[in-house]
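Protein chains in written order, with the working numbering: chain H, 1144 to 1359; chain G, 26 to 233. Note that the Cβ used here is the ideal one computed from N, Cα and C, for glycine as well. The structure appears right after this line, and notes come after that.
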């Protein structure tokens, strides 16, 4: 989806302003929002890809002018409704009016083991990678209406495979509840001069799935 | 501190100090607790975990060990996930780690243009600037100008390598060890390592 989140190469946002001695959260609501999204992610029945997709559906003007945890709030409100955990009316009224779905909330003692558990998005598949390190590839020119992780600024660009990470869960499928559909994931290197048409000798890397790439 | 709403000078009792968004989040929490989906004590633990236990000091220890232990540095280059796990740093948003070693020829800098992917087990939660539109939009098209916003000017002949975190691979920059630190302990070295240096928007230097 060509949303406002896909902002690589956009101009006009001004300088990067870093805050000295920045706190982890700037207000109690940010901390609560972070924790609510994490805790609901354990029990809600959605995937991280679906979570990202939900946060990206904000109207572009709103997305750009709102803070990170407001994106999360909008995403969570959407996911709760989509997964039958709360109705729009309940969210507005802050009062339960329909029966809850039976879920077992994560208890305090289970948080540390849960957040530190080594996970993996790699899945074994019965196929061989199409590309190997050193191969030249071209990214596809595509504009899906759904969630994808091929940024606009890297579409239709020629790059070089740097590494293959095995087959990983494909966000384009997983974000839509269509299954993990694992595909080979590669780190691809692009020359900044090719991507932007300027003279810098710098390079850009992105991690891209095989369906985003074609041989060239 | 942007987007925190505004303070009212007048007082209408409890709650009037909360911004509209703070009220929305508070309402959502009370609904989710009422429906039995979340345990408020678990929320407290989640917040405390990322405020006090999982943060950039973890990454600094990884860097200091890489500087002092060549076998560990080699392991980091080959399998950063396992090498970092050996120090106890595992979990969410650090499932697939890659360590990027800065050299006199190359400088690495990490961004996530599409959202704000960040290696939580080693760096904690990202700062606001990392999640902001200026950084996400500019890091890939004018990284050297972005570095100047951080007071970092690189020589022209040093290649800048930008890493856009578009999948579940997470990157940790291993900055160059500053000269004059020979014989320093890991602990003393770790104290020099800043969060920004591990994102690639800073360099490590000795205190003036």
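Tell me, please, whether the CB atom of residue i is closer than 8 Å to any CB atom in chain A?
i	result
residue 128/G	No chain A is part of this structure, whose protein chains are labelled H and G.
Comparing alpha-carbon positions, which option in the options lies nearest residue i?
i	options	result
residue 1242/H	1276/H, 1236/H, 1227/H, 1306/H	1227/H
residue 197/G	204/G, 206/G, 186/G	186/G
residue 1275/H	1152/H, 1356/H, 1208/H	1356/H
residue 216/G	60/G, 73/G, 83/G	83/G
residue 156/G	1185/H, 1326/H, 1211/H	1211/H
residue 128/G	92/G, 113/G, 114/G, 45/G	92/G
residue 1183/H	1269/H, 1218/H, 1154/H, 1288/H	1218/H
residue 113/G	1232/H, 1272/H, 1258/H	1258/H
residue 1203/H	85/G, 109/G, 158/G, 115/G	158/G
Nearest-angstrom Cα distance between residue i and residue j?
i	j	result
residue 202/G	residue 1247/H	48 Å
residue 1191/H	residue 1292/H	13 Å
residue 205/G	residue 87/G	20 Å
residue 1312/H	residue 55/G	34 Å
residue 1240/H	residue 59/G	10 Å
residue 1159/H	residue 61/G	41 Å
residue 123/G	residue 101/G	8 Å
residue 1253/H	residue 79/G	16 Å
residue 1295/H	residue 209/G	46 Å
residue 181/G	residue 1344/H	9 Å
residue 1318/H	residue 1156/H	29 Å
residue 126/G	residue 149/G	20 Å
residue 183/G	residue 1288/H	39 Å
residue 1338/H	residue 1273/H	24 Å
residue 1307/H	residue 1175/H	38 Å
residue 1151/H	residue 71/G	31 Å
residue 1149/H	residue 1329/H	20 Å
Assign residue i to one of two classes, buried (16 or more other C-beta atoms within 10 Å of its C-beta) or exposed (fewer than that).
i	result
residue 141/G	buried
residue 34/G	With a pLDDT of only 39 at residue 34/G, under the threshold of 50, the placement of this residue in the model should not be trusted; the figure read from the coordinates follows. So residue 34/G counts as exposed.
residue 26/G	Annotation note: pLDDT 38 at residue 26/G (below 50); position unreliable, coordinate value reported separately. That one is exposed.
residue 1321/H	exposed
residue 1284/H	exposed
residue 1154/H	exposed
residue 133/G	buried
Residues of chain G with CB closer than 9 Å to the CB of residue i, please, in chain order.
i	result
residue 1327/H	Those do not exist, as residue 1327/H stays about 11 Å from chain G at its closest Cβ, beyond 9 Å.
residue 1183/H	57, 62, 63
Applying a beta-carbon distance threshold of less than 8 Å, which residues of chain G neighbour residue i?
i	result
residue 1179/H	50, 53, 54, 57, 63, 68
Which chain H residues are close to residue i, counting only those with a beta carbon under 9 Å from its beta carbon?
i	result
residue 188/G	1330, 1347, 1348, 1349, 1350
residue 175/G	1159, 1161
What residues of chain G sit near residue i, judged by a beta carbon separation below 7 Å?
i	result
residue 1356/H	Result: empty, since nearest Cβ-Cβ is about 13 Å, beyond 7 Å.
residue 1324/H	What residue 1324/H touches in chain G: nothing, since even the nearest Cβ is about 14 Å away.
In chain H, which residues lie less than 8 Å from residue i when you measure between Cβ atoms?
i	result
residue 218/G	Within 8 Å Cβ-Cβ: nothing; residue 218/G doesn't reach chain H, min ~16 Å.
residue 160/G	1159
residue 141/G	1211
Residue i touches chain H at which residues, Cβ-Cβ below 7 Å?
i	result
residue 165/G	1151, 1152, 1296, 1347
Would you list, in chain order, the members of the segment 1219 to 1235 of chain H that have their beta-carbon closer than 9 Å to a beta-carbon of chain G? 1219, 1220, 1223, 1228, 1229, 1233, 1234, 1235
Listed in chain order, which residues of the segment 1331 to 1352 of chain H have Cβ atoms closer than 7 Å to some Cβ of chain G? Considering only beta carbons, the part of the segment 1331 to 1352 of chain H lying closer than 7 Å to chain G consists of 1339, 1344, 1345, 1346, 1347, 1348, 1349, 1350, 1351, in chain order.
What are the residues in the segment 1261 to 1276 of chain H lying within 8 Å of chain G by C-beta distance? 1261, 1262, 1263, 1264, 1265
What residues in the segment 102 to 120 of chain G have a beta carbon less than 7 Å from any beta carbon of chain H? So the close ones are 110, 115, 116, 117, 120.
Scan the segment 1284 to 1296 of chain H for residues whose Cβ lies nearer than 7 Å to a Cβ of chain G and list them as they occur along the chain. Under the 7 Å Cβ criterion, the segment 1284 to 1296 of chain H contributes 1292, 1294, 1296.
Quick one, which residues of the segment 190 to 218 of chain G are near chain H if we go by CB-CB under 8 Å, in chain order? 190, 191, 192, 193, 194
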